[in-house]
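Numbering (UniProt numbering), first residue to last: 1 to 96.
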């Protein structure tokens, strides 16, 4: 893999992270700017303090906005924006 391919892949991943942050803020009606959410910030507990209803909303939002279905067995991907991007990016490439 060339350095240009790595840069392109990193840019694609960052774009996905940015999309996820915007989606989280808009879908969950959070009163923060998407840029305040870091890629590795926990979405639950001391992070954004999301709850189980928020997860349901995110399941629906991810399928609507990205066309990617997540399942109950994949709950760990909701640990952070970074984990969600890692799950969503390969699925988007497989569809393309």
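No residue lacks a Cβ here, since even glycine has one placed at the ideal position from N, Cα and C.
The Cβ-Cβ distance between residue 65 and residue 28 does not fall below 9 angstroms.
Taking one beta carbon from each stretch, the region 64-81 and the region 7-27 have 3 or more pairs nearer than 8 angstroms; the two touch.
For residue 78, the closest alpha carbon among the candidates 24, 90, 34 is that of 24.
Going by DSSP, residue 52 is part of the alpha helix (DSSP H) stretching over 52-66.
Annotated as proximal: residue 89 and residue 16, with beta-carbon spacing under 9 angstroms.
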